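Student: Please read through the structure below; I'll follow up with questions.
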Amino acid sequence: SGRALGGSRHDPITWALSFFSSCQLLFYCNNALRAEIQAIKIGMSMAIEWSNLPVLVQSDSLVTLSSMIFAPLDKSPNGQLARDIKNYMLQREFKPVKILRSQNMVSHCLANYARTARSTACWLQRSPPFIHNLVLADCNLHVTLE
């Protein structure tokens, strides 16, 4: 799974590049939905640990984002992950935002890196060079928390 944490402050691109990005090899993940939910859960956990700011949770998976608000997965094998996400939402302001797959290239690149390098990594204050241009392209200057 891959994730990048950033947001919009006075200079959204600089802030997005300066916070953190990470990836994690998921050993026991049997489908894409579980990978998306785990990536969001891990990203939210890191956001709680490393920041006190509101966070936009962007995903190209509508089912995953719906699990943050509604209870469609509560009785599924992914139910515990969905409940964990809901508990995180009580601790911090997280706003789910549906984006197009083409706008989510940083996360997909990080997930691919974790899978092919069989690696788990976290980059604080600076994105790894192989996603720098993708971060710039993915940054949406018009998305803000309301």
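Just add 1291 to wherever you are in the sequence shown, counting from 1, and you've got this note's numbering.
Even for Gly, the Cβ is constructed at its ideal location relative to N, Cα and C.
Because the structure is a prediction, the values reported are computed rather than measured.
Please tell me whether Met1359 and Val1348 are closer than 8 Å, where the distance is taken between their beta carbons.
Tutor: Locating residue 1359 in the sequence shown gives position 68, where the first residue counts as 1. Locating residue 1348 in the sequence shown gives position 57, where the first residue counts as 1. Result yes, Cβ atoms of Met1359 and Val1348 sit closer than 8 Å.
Student: Checking 8 Å against the spacing of the C-beta atoms, do Ser1312 and Ser1393 come in under that value?
Tutor: On the sequence shown, residue 1312 is found 21 positions in, with the first residue counted as 1. On the sequence shown, residue 1393 is found 102 positions in, with the first residue counted as 1. Against a cut-off of 8 Å, the Cβ pair of Ser1393 and Ser1312 comes out as no contact.
Student: Using only alpha-carbon positions, find the residue among Leu1344, Leu1391, Asn1369, Phe1361 that is nearest to Glu1384.
Tutor: The residue you call residue 1384 lines up with position 93 of the sequence shown. Residue Leu1344 is the option with its Cα nearest to Glu1384.
Student: Whose C-beta lies closer than 6 Å to the C-beta of Arg1325 among residues of the same chain, with five residues either side of it excluded?
Tutor: Here residue 1325 corresponds to residue number 34 of the sequence shown, with the count starting at 1. These residues qualify, in order along the chain: Asn1369.
Student: Which value, in whole angstroms, describes the spacing of the CA atoms of Asn1395 and Ala1323?
Tutor: On the sequence shown, position 104 is the one that residue 1395 refers to. On the sequence shown, position 32 is the one that residue 1323 refers to. So the alpha carbons of these two residues sit roughly 15 Å apart.
Student: Please name the residue or residues paired with Val1346 in a DSSP beta bridge.
Tutor: Numbered from its first residue, the sequence shown carries residue 1346 at position 55. Val1346 pairs with Phe1385.
Student: Under the rule that 16 or more other beta-carbon atoms within 10 Å means buried, what is Gln1382, buried or exposed?
Tutor: To locate residue 1382, count along the sequence shown from 1; it is residue 91. Gln1382 comes out exposed.
Student: Output the boundary residues of the alpha helix (DSSP H) element that contains Cys1400.
Tutor: Translated into positions along the sequence shown, residue 1400 becomes position 109. 1396-1408 is the extent of the alpha helix (DSSP H) around Cys1400.
Student: Where does Gln1329 land, buried or exposed, given buried means 16+ other C-beta within 10 angstroms?
Tutor: For this step, residue 1329 is matched to residue 38 along the sequence shown. By the neighbour-count rule (16 or more Cβ atoms within 10 Å), Gln1329 is buried.
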